[in-house]
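Just so we're on the same page, my numbering is the position in the sequence shown counted from 1, plus 1454. We put the beta carbon where it would ideally sit given N, CA and C, even for glycine. For clarity, every value in this text was computed on a predicted model and none was experimentally measured. All remarks here apply to the structure that follows.
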Amino acid sequence: THSVAESSQFCEKDGLKENCGETKEDRSTFSSSLGVRYLLYDVNPPEGFNLRRDVYMRLAIFMHEMKNEENWRLVLPPWGQLYHWQSSNVGEQTKLPWRMFFDVKSLQKFAPVIEMEEFLGSVQKKRPPIDEVYILQHYKDVWEEGKEWQDRWNIEGCIESIPYSKSGKAYTGPFWTYKNLSAQKVECASFQGHAALLKGILRQSRAKVVMIDHAEVALHDRYGDHIYWECRRSMRFARHLVEIAQSFRKQQLDSSDDKDMVKRPDNWLEEREYTTTGGGPYLAVHLRRKDFLWGRAKQVPDLQFAADQIEKIIKKLQLETIFIATDAPKHEFAELKTHLSKFKVLRFEPSPTLKYEIKDGGVAIVDQIICSHAKYFIGTHESTFSFRIQEEREIMGFQRNTTFNRLCGREEGIPCTQPTQWPIVF
Ligand code: GFB
């Protein structure tokens, strides 16, 4: 394939490769001549919903930092075909827009993002809509011992086989199952560093529409600082899901923001640093099962051992109700209940019609919202699903000892190392 690296000259400047001799003025003239540019991205197919949310943040923060320099829009990759979304009776789970799960207007208050449909409606129809695809890959030598860490990227040969192939003049590929999407050029870029390093790739390109595949290879620019948390706070859930969770909390758990002493202004920009000793009168547990049973075998408890730990904590808290968020199949949940028969044990089970409407992703979010409002939360070791709940609780200002907890595996025993605390920063 034709290589951008061969066709343009580079200068190394501050570790970034930029076009030689180009001044800031040249750059800005060029930028305005192109008008709006679009950045699309995709993530390693097996990754789950909540890891993908983290990858979004890396790119959104990058775009947030770029927004005063260049006119880019980050195109939100539609949701679909996730390995964990296995329900058969919810219709097709492909090309799902972000508004099904998130409040896109809230996201836009942090970074210039648009839905894929909006992008598709605004690009020229007669040419492949994507100009250039860069597939990020780790350097071959990245795992070599003694190799010093250094931010770097290079466009070079693809190390592994890629899911794009040339058909006529354009490349076809997965493209979120859109049949009409194709690209003019596809290249691999070995990449080691933070998302800001993507600037180098975008700056050597003259294209209007660029896609970054395997965006998870890029690391966070600003993990844990106030910008990170602004981005995180802008990821408000879609209103209809918040309302479903509210009505479950009210009807089943005697919980509402007022009663629980939780503040959440409609606009995340109006949030302040809160502290609360409240929370709904229930213990919430995220019990990750399925692939974690073999992926994290030592740290994931069997059902009896999970129940033993839950019982101990709920007795200490003097509560009676347990809310379980889980990917466990029905029979596992039923078994867990038999081990906790002295308590009221609940799970969010939408009607078939509601589930069809909100799909697996919506059910997952409702579970997360309910967990995040509890008086006390226990999660699962290294699950990003649990991490996202912990972050919600940080935003609402819960006491950290009610948030950063996890179940121990039988092999590890009790106590086991508890999750790292990532405190919110304003
Ligand atoms: O969200 P996620 O990335 O978390 O992937 P992990 C797990 C998916 O399983 C969720 C479902 O997005 C849901 O679809 N799921 C898990 C749940 N727990 C619950 C729950 O309590 N309620 C509901 N409704 N659904 C990582 C994956 O999973 O595990 C990685 O992202 C990889 O790709 C790794 O597979 C081993 O961080 O738990």
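What span of residues does the alpha helix (DSSP H) with residue i cover, start to end?
i            : result
residue 1696 : 1693 to 1707
residue 1759 : 1757 to 1771
residue 1656 : 1652 to 1658
residue 1749 : 1746 to 1749
residue 1399 : What is shown of the chain runs 1455 to 1880, which leaves residue 1399 out entirely.
residue 1792 : 1784 to 1793
residue 1717 : Neither: residue 1717 is in no alpha helix (DSSP H) and is coded neither H nor E.
residue 1483 : 1478 to 1488
For residue i, which of helix, strand or coil comes out of DSSP?
i            : result
residue 1740 : strand
residue 1512 : helix
residue 1671 : helix
residue 1683 : helix
residue 1868 : coil
residue 1603 : coil
residue 1527 : strand
residue 1838 : helix
residue 1555 : coil
residue 1807 : helix
residue 1857 : coil
residue 1457 : Any answer about residue 1457 is weak, because its pLDDT of 33 lies below 50 and its placement is not dependable; what the coordinates show is given next. Correct three-state label for residue 1457: coil.
residue 1780 : strand
residue 1879 : coil
residue 1462 : Note that residue 1462 has pLDDT 39, beneath the 50 cutoff, so the model's placement of it is unreliable and the number below is only indicative. In this structure, residue 1462 counts as coil in the three-state DSSP scheme.
residue 1470 : Because residue 1470 sits at a pLDDT of 49, beneath the cut-off of 50, its placement in the model cannot be relied upon, and the following sentence gives the value as read from the coordinates. In this structure, residue 1470 counts as strand in the three-state DSSP scheme.
Looking at the strands, I want to know which residues DSSP matches up with residue i.
i            : result
residue 1642 : 1589 and 1610
residue 1550 : 1533
residue 1637 : 1584 and 1625
residue 1664 : 1493 and 1586
residue 1852 : 1730
residue 1775 : 1798
residue 1874 : None; residue 1874 has no bridge partner.
residue 1619 : 1626
residue 1648 : 1673
Under the assumption that residue i contacts residue j (Cβ atoms under 8 Å), give the Cβ distance between them as a whole number of angstroms.
i            : j            : result
residue 1651 : residue 1669 : So it is not a contact: roughly 12 Å between Cβ atoms.
residue 1892 : residue 1827 : Limits of the chain in this structure are 1455 at one end and 1880 at the other, which puts residue 1892 out of reach.
residue 1942 : residue 1649 : No answer is possible for residue 1942: the residues shown for the chain start at 1455 and end at 1880.
residue 1812 : residue 1695 : 7 Å
residue 1503 : residue 1538 : 7 Å
residue 1607 : residue 1678 : Between residue 1678 and residue 1607 the Cβ distance is about 24 Å, and since that is not below 8 Å, they are no contact.
residue 1796 : residue 1734 : At roughly 20 Å, the Cβ-Cβ gap does not stay under 8 Å, so residue 1796 and residue 1734 are not in contact.
residue 1844 : residue 1804 : That pair is no contact at about 24 Å.
residue 1587 : residue 1667 : 6 Å
residue 1773 : residue 1737 : 5 Å
residue 1577 : residue 1663 : 7 Å
residue 1554 : residue 1529 : Rounded, the Cβ-Cβ distance is 16 Å, inconsistent with contact.
Taking the beta strand (DSSP E) that residue i falls in, what are its first and last residues?
i            : result
residue 1829 : 1828 to 1832
residue 1861 : Taken as a continuous stretch (DSSP letters only), residue 1861 belongs to no beta strand (DSSP E), as it is neither H nor E.
residue 1798 : 1798 to 1800
residue 1568 : 1567 to 1569
Taking Cβ positions only, does residue i come closer than 8 Å to chain B?
i            : result
residue 1867 : Checking the listed chains, one finds no chain B in this structure; it contains a single protein chain.
Lining residues of the ligand GFB - beta-carbon closer than 6 Å to any non-hydrogen atom, in sequence order: Summarising the contact set, residues whose Cβ lies nearer than 6 Å to any heavy atom of the ligand GFB are, in chain order, 1500, 1501, 1502, 1503, 1504, 1505, 1538, 1539, 1740, 1742, 1745, 1749, 1779, 1780, 1781, 1814, 1817, 1818, 1821, 1837, 1838 and 1839.
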